[in-house]
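Engineer:
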Amino acid sequence: MKKRVLSLAGMLACCLMTSAHAGIVLSGTRVVYPEASKEVDVRVTNEGTQPELIQAWIDNGDAKANPQDIQVPFTLMPPIFRLNPNKGQTLRLSYTHEAVAQDRESVYWLNALEIPPKSKNADGSNALQLAYRTRIKLFFRPNGLKGSPADSPQQIKWSVVPGAKGGFALHADNPTPFSVSYDSIKLQAGGQAVDAGQGMVKPMTSMDFPLAKVKQRPTGPMQVDYSWINDYGATTQGKATAQ
Numbered sequence: 002m003k004k005r006v007l008s009l010a011g012m013l014a015c016c017l018m019t020s021a022h023a024g025i026v027l028s029g030t031r032v033v034y035p036e037a038s039k040e041v042d043v044r045v046t047n048e049g050t051q052p053e054l055i056q057a058w059i060d061n062g063d064a065k066a067n068p069q070d071i072q073v074p075f076t077l078m079p080p081i082f083r084l085n086p087n088k089g090q091t092l093r094l095s096y097t098h099e100a101v102a103q104d105r106e107s108v109y110w111l112n113a114l115e116i117p118p119k120s121k122n123a124d125g126s127n128a129l130q131l132a133y134r135t136r137i138k139l140f141f142r143p144n145g146l147k148g149s150p151a152d153s154p155q156q157i158k159w160s161v162v163p164g165a166k167g168g169f170a171l172h173a174d175n176p177t178p179f180s181v182s183y184d185s186i187k188l189q190a191g192g193q194a195v196d197a198g199q200g201m202v203k204p205m206t207s208m209d210f211p212l213a214k215v216k217q218r219p220t221g222p223m224q225v226d227y228s229w230i231n232d233y234g235a236t237t238q239g240k241a242t243a244q
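Mapping the sequence shown onto the working numbering, position 147 (from 1) lands on 148, and the numbers just tick up by one.
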């Protein structure tokens with residue numbers, strides 16, 4: 002997030018949100034940018050009771066990076082704007098045709114920082130302000146990728162492996178050119194359900210989900226129950242066998 006210096010004579014607390022907070026609402030929880038599109042629009046709405054100053058930018062995965070230092074193959078307009086109560090603003094994303102991977106989709110992040118107006122306490126001193134930041138995934142999808150994003154969760158290969166910090170983990174291998182985002186993952190083994198958390202497995206990579214409560218490798222049949230998030234932000238339940 003850009004290190005903006007606000008004259009508040011105190012500390013500025015910044016809260017990172019995944020979709021929305023207070024009055025600022027984005028039109029979705031993720032953005033899909035097909036390579037063939039000239040531009041993609043995202044609607045920002047102020048459902049609050051006061052005007053807001055919004056700064057918007059795209060990053061490539063580093064949430065702490067200064068927007069001025071980030072190199073991404075997109076332009077975003079407008080980067081800064083004022084949004085009155087009950088009004089909306091359209092963000093226009095355009096692909097700049099810089100080189101990106103063509104055999105898989107790439108993941109970026111769209112940010113919207115809500116900068117509050119200055120305010121004072123009853124005694125005239127500067128009040129503590131909260132700057133809320135919304136950060137959602139942006140998927141750039143090249144032309145000609147084989148398969149379908151909707152079919153990718155069924156192609157993930159699951160196995161129980163030793164954990165990087167001891168114990169065990171649920172290993173997910175994604176052979177597809179699409180990212181798969183999980184809202185929840187549970188391992189069913191030995192008559193017990195073990196929570197494996199949530200997360201995103203990027204295309205043609207693998208990821209380990211720690212099994213904190215598993216002290217020895219399960220024996221017998223193992224099943225993974227999961228909930229994955231589609232392009233529209235909706236969740237779908239699924240099951241798979243783990244090795």
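Each residue gets a CB set at the ideal place from its N, CA and C atoms; glycine is no exception.
Using beta-carbon positions only, say whether residue 93 and residue 42 come within less than 8 Å of one another.
Structural biologist: The residue given as residue 93 occupies position 92 in the sequence shown. The residue given as residue 42 occupies position 41 in the sequence shown. Contact flag set, yes.
Engineer: Under 8 Å by Cβ, that's how I've got residue 57 and residue 80 pegged, so tell me the actual separation to the nearest angstrom.
Structural biologist: The residue labelled residue 57 in the question sits at position 56 within the sequence shown. The residue labelled residue 80 in the question sits at position 79 within the sequence shown. Confirmed, about 6 Å.
Engineer: Per the contact definition of three or more C-beta pairs closer than 8 Å, is the region 156 to 164 in contact with the region 174 to 182?
Structural biologist: Yes, the region 174 to 182 is in contact with the region 156 to 164.
Engineer: What are the partner residues of residue 196, as DSSP defines its beta bridges?
Structural biologist: As a first step, residue 196 is located in the sequence shown; it is residue number 195 there, counting from the start. In DSSP, residue 196 forms a bridge with 187.
Engineer: Taking residue 209 and residue 162 to be in contact with their CB atoms under 8 Å, please state how far apart those CB atoms are, rounded to whole angstroms.
Structural biologist: The sequence position of residue 209 within the sequence shown is 208, counting from 1. The sequence position of residue 162 within the sequence shown is 161, counting from 1. With a Cβ gap of about 7 Å, residue 209 and residue 162 count as contacting.
Engineer: By DSSP, does residue 22 sit in helix, in strand, or in coil?
Structural biologist: Locating residue 22 in the sequence shown gives position 21, counting from the first residue. Any reading at residue 22 must be qualified, since the residue scores a pLDDT of 48, below 50, and its modelled position is unreliable; the value itself is stated next. Note: residue 22 maps to strand in three-state DSSP.
Engineer: Does DSSP put residue 38 in a helix, a strand or coil?
Structural biologist: For the purposes of this step, residue 38 is taken as the residue at position 37 of the sequence shown. Coil.
Engineer: Using a threshold of 8 Å, state whether the C-beta atoms of residue 160 and residue 241 are closer than that.
Structural biologist: To locate residue 160, count along the sequence shown from 1; it is residue 159. To locate residue 241, count along the sequence shown from 1; it is residue 240. No, the Cβ-Cβ distance between residue 160 and residue 241 is not below 8 Å.
Engineer: Which residue marks the beginning of the beta strand (DSSP E) containing residue 239, and which one marks its end?
Structural biologist: Translated into the one-based positions of the sequence shown, residue 239 becomes position 238. Run containing residue 239: 236 to 242, per the beta strand (DSSP E) assignment.
Engineer: Out of curiosity, what's the CA-to-CA distance linking residue 34 and residue 213?
Structural biologist: As a working mapping, residue 34 is identified with position 33 in the sequence shown. As a working mapping, residue 213 is identified with position 212 in the sequence shown. Their backbone Cα atoms lie some 36 Å apart in a straight line.
Engineer: Which of helix, strand or coil does DSSP assign to residue 57?
Structural biologist: Sequence index remark: in the sequence shown, residue 57 carries index 56 (1-based). Residue 57: strand per DSSP, three-state reduction.
Engineer: Could you pull the start and end residues of the beta strand (DSSP E) that residue 112 belongs to?
Structural biologist: Against the sequence shown, residue 112 aligns to sequence position 111. That run of the beta strand (DSSP E) goes 107 to 116.
Engineer: Could you tell me which residues DSSP pairs with residue 169 in its beta bridges?
Structural biologist: For the purposes of this step, residue 169 is identified with residue 168 of the sequence shown, where counting begins at 1. Answer by DSSP bridge pairing, in chain order: 163, 212.
Engineer: DSSP three-state label for residue 90, please.
Structural biologist: Position 89 of the sequence shown, counted from the start, is the residue given in the question as residue 90. Strand.
Engineer: What number of angstroms, rounded off, separates the C-alpha of residue 22 from the C-alpha of residue 110?
Structural biologist: Indexing the sequence shown from 1 puts residue 22 at position 21. Indexing the sequence shown from 1 puts residue 110 at position 109. The predicted position of residue 22 is uncertain, since its pLDDT is 48 and thus under 50; no value can be drawn from it.
Engineer: Do you know whose CA, among 86, 40, 54, lies nearest residue 142's CA?
Structural biologist: In the sequence shown, the residue the question calls residue 142 occupies position 141. It is 40 whose Cα lies nearest to the Cα of residue 142.
Engineer: Considering residue 226, what are the terminal residues of the beta strand (DSSP E) in which it resides?
Structural biologist: In the sequence shown, residue 226 corresponds to position 225, counting from 1. Unbroken beta strand (DSSP E) run through residue 226: 223 to 230.
Engineer: Tell me whether residue 182 sits in a helix, a strand or coil according to DSSP, three-state version.
Structural biologist: The residue given as residue 182 occupies position 181 in the sequence shown. The answer is strand: DSSP assigns residue 182 an E or B state.
Engineer: Helix, strand or coil for residue 152, going by three-state DSSP, please let me know.
Structural biologist: To locate residue 152, count along the sequence shown from 1; it is residue 151. Helix.
Engineer: Here's the rule I'm using: 16 or more other beta-carbon atoms within 10 Å means buried, otherwise exposed. How should residue 50 be labelled?
Structural biologist: Counted from its first residue, the sequence shown places residue 50 at position 49. By the 10 Å Cβ count, residue 50 comes out exposed.
Engineer: Just reading off the beta strand (DSSP E) that residue 81 is part of, what are its end residues?
Structural biologist: Within the sequence shown, numbered from 1, the residue matching residue 81 stands at position 80. 81 to 84 is the span of the beta strand (DSSP E), which, as asked, contains residue 81.
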